[in-house]
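First the structure, in the form of structure tokens, and then the observations on it.
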Amino acid sequence: MTTEGKARIAVTGLATMGSNLARNLARHGYRVAVHNRSSAKTRALVADHGHEGEFVPAETMQELVQSLETPRQIIIMVKAGAPTDAVIDELTGLLEPGDMVIDGGNAHYADTRRREAALREAGLHFVGAGISGGEEGALNGPSIMPGGSKESYSHVGPVFESIAAQVDGQPCCVHVGPDGAGHFVKMVHNGIEYADMQLIAEAYDLLGKIGGRTPAQIADVFREWNSGDLESYLVEITAEVLGHVDPESGVPLVDLIADEAEQKGTGRWTVQEALELGVPVTGIAEAVFARSLSGHVDQRAAVRTAYGTVSDFSSDRVSDSLVEDVRQALYASKVVAYAQGFDELRAASEQYGWNVDLGAMATIWRGGCIIRAKFLDRIREAYDANPDLASLLVDDYFRDAVQQAEAAWRRVVVAAVEAGVPTPGFSSALAYYDGLRSERLPASLIQGLRDFFGAHTYRRTDREGSFHTLWGGDRSQIDA
Ligand code: 6PG
């Protein structure tokens, strides 16, 4: 630990993520100024981890600012929302033009856009940086998604790249784009994380309820899956969680955990933004709604009491290949979830002129973050080969994989429906795939109905223009 000399970078907000990030920076040889609203945490960090590198503890924000080299780089690691605004307000009065304020929390990208614009007015740079990987990632190498000006990236980029996870010699960090781009990408990362977890949970449910397997046996299945195409952090830790036995009762812990999934909001934001952008992210939406359904405990109890649970399911109908079928269904549904997430990224990038490189996003998600997966290499290759892919589904590799999985995917959804096991993720992914593939969709009828009750007009397949049928009159058609 040192208290002399200027620090290269600062971290304010020393809860677990903040202190681990500060330690990661210190371990990489950066002299880090550290500050927390209550200075007990600052002192504890230095006392417990001072030997890991050079920390400059600051009691006040003013002291923190004064301890930094210029242009200053200050990472804020506090709760998203009002607490972040409060810290920014306190900081801006103390900083000089050219200094950089970096928000490493899970901020809403619209807040980041607002803050970036306000700080730019004051001659300051605001970098909204998505950071993924939880506590462990923050300490040992997260995936970092910084937005903001190119100029700010020339300062913070090299630092972030050096502390990020590295895959094949490449850092899991890249300049995402201006203003809110970094936080938008992090938000979609989380949305995909929700979808991925929902699909994994459905696979577990099917193997247990239809396949009659115990959590320990399902853990083995996931362990096995983790050596193939599904290799990923979430599949790996699924085996860990399912294999864990509660030491007190000897019961698998997963059987004791209340089945009510919580959420902090990033998945919901991903869906809200997708609705605004007109991008169908059905997998993420189903994942958000499934969490919310699980939390409606009283309503669940009432409906269960009124109807009972599905009980006439016969395990004779279970196919011998259930485990392999579920693996295929999981893989295909996962391709759909990622395809949808990347569609949302593309749409936002176009809307805000961010110029986000989708292949680069797949590259920086290969390590450090929660959705890190072997699979992301394939996505990177797909976008490298064709940055303008209409959908990930049309890339040759994914087309072959999905086509190969299709029959198993349908068998799994049919079995789930018959057995009354809810699989909104698998089913909606399949419906999305079938929707995109359909030669004709019943949207024609929807247009007809809209025209009937609201004269909303329709277009025709056989001629140009917009038309309205005089439904209440002689039913002749007029040009609209
Ligand atoms: C990450 C995680 C992280 C956090 C989520 C959890 O990338 O490191 O996504 O950001 O674990 O916010 O979100 P929920 O509490 O909404 O599940």
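-5 is the number of the first residue of the sequence shown in the working numbering; add one for each residue after it. Using N, Cα and C, we set each Cβ at its ideal position, and we do this for glycine too.
Item to check | Spatially closest choice to Ala376 from Arg366, Arg393, Ile364, by CA coordinates | outcome: It is Arg393.
Check: If we count Cβ pairs, one from each stretch, closer than 8 angstroms, do we get three or more for the segment 135 to 143 versus the segment 201 to 209?
Finding: Counting C-beta pairs closer than 8 angstroms gives fewer than three between the segment 135 to 143 and the segment 201 to 209, which falls short of the contact rule.
Notebook entry, point to check: Does any heavy atom of the ligand 6PG sit closer than 8 angstroms to the C-beta of Asn184?
Noted result: Yes - the ligand 6PG has a heavy atom lying nearer than 8 angstroms to the Cβ of Asn184.
- prompt: Should His169 and His102 be called a contact, given that it needs their Cβ atoms to be closer than 9 angstroms?
  reply: no
Self-check item: Which listed residue (Asp389, Asp468, Ile365) has its alpha carbon closest to that of Ile186
Solution: Ile365
Using a Cβ-based criterion (distance less than 8 angstroms to any ligand heavy atom), does Gly12 qualify as near the ligand 6PG? no
query: Straight-line CA distance for Ala132 to Leu15?
result: C-alpha of Ala132 to C-alpha of Leu15: approximately 5 angstroms in a straight line.
Q | Those residues which DSSP pairs with Arg462 across a bridge | A | Before going further, note that residue 462 is His rather than Arg in the sequence given. Beta-bridge pairing links His462 to Ile472.
Express the C-alpha separation of Ala233 and Trp219 in angstroms, rounding to a whole number.
10 angstroms
Run through DSSP, which three-state label would Leu269 get? helix
Contacts around Pro165, its chain only, beta-carbon distance under 7 angstroms, and the 5 residues preceding and following it disregarded: Glu155, Ala158
message: Let me confirm a value: Trp403 is counted as buried when at least 16 other C-beta atoms fall within 10 Å, else exposed. Which label applies?
response: buried
* **Continuous alpha helix (DSSP H) assignments of at least 4 residues falling wholly in the segment 61 to 141** => 76 to 86, 103 to 115, 128 to 134
Cβ neighbours of Ala423 in the same chain (closer than 6 angstroms, five flanking residues each side left out):
Gly277, Ser327, Val330
Point to revise | Heavy atom of the ligand 6PG within 8 angstroms of Glu167 beta-carbon | key: Note on identity: in this sequence residue 167 is Cys, with Glu being the wrong assignment. Flag unset: Cβ of Cys167 not near the ligand 6PG.
query = Between the Cα of Gly23 and the Cα atoms of Lys35, Ile69, Val153, Glu129, which residue gives the shortest distance?
reply = Val153
query = Which ranges would you report for the alpha helix (DSSP H) in the segment 154 to 242 if only whole runs of at least 4 residues count?
reply = Here the runs fully enclosed are 175 to 203, 209 to 219, 227 to 237.
| request: Return yes when at least one heavy atom of the ligand 6PG lies under 8 angstroms from the C-beta of Gln266, else no. | output: no
Is the distance from the Cβ of Gly442 to the Cβ of Tyr452 below 9 angstroms? With respect to Tyr452, Gly442 sits close: the two C-beta atoms are nearer than 9 angstroms.
- Query: Among the residues of its own chain, which have a CB less than 8 angstroms from the CB of His43, if the five just before and after it don't count?
  - Reply: Ser13, Arg17, Ala20, Phe49
Could you give the first and the last residue of the continuous alpha helix (DSSP H) run that contains Pro274? First-last for Pro274: undefined, no H or E at that position.
Q. Can you give the Cα-Cα distance for Ala323 and Asn134, rounded to whole angstroms?
A. 33 angstroms
Note to self: Using DSSP's beta-bridge definition, name the partner residues of Phe52.
What the structure shows: Sequence check: residue 52 is Ala here, not Phe. BP columns for Ala52 point to His29.
Taking 8 angstroms as the line, does the beta carbon of Gln257 fall inside it for any heavy atom of the ligand 6PG? yes
query = When DSSP labels each residue in this structure, what does Ala9 get in the three-state scheme?
reply = coil
Checklist line | Glu338, enclosing alpha helix (DSSP H) - first and last residue | finding: That run of the alpha helix (DSSP H) goes 316 to 346.
Note to self: Considering just the uninterrupted stretch of the alpha helix (DSSP H) at Ala255, what are its terminal residues?
What the structure shows: Ala255 -> no alpha helix (DSSP H), and no H or E assigned at all.
Is it buried or exposed for Val150, if we count other Cβ within 10 angstroms and need 16 for buried?
buried
Can we count Ile231 as close to the ligand 6PG, meaning its CB is less than 8 angstroms from some heavy atom? no
Cut-off 6 angstroms between Cβ atoms - residues of its own chain near Ala284, not counting five sequence neighbours on either side: Gln192, Pro418
Which residues in the same chain have their Cβ closer than 6 angstroms to the Cβ of Pro91, if we skip the five residues on either side of it in sequence? Gly117
Taking 8 angstroms as the limit between beta carbons, can you name the residues of its chain near Leu88, skipping five residues before and five after? Met55, Gln56, Val59
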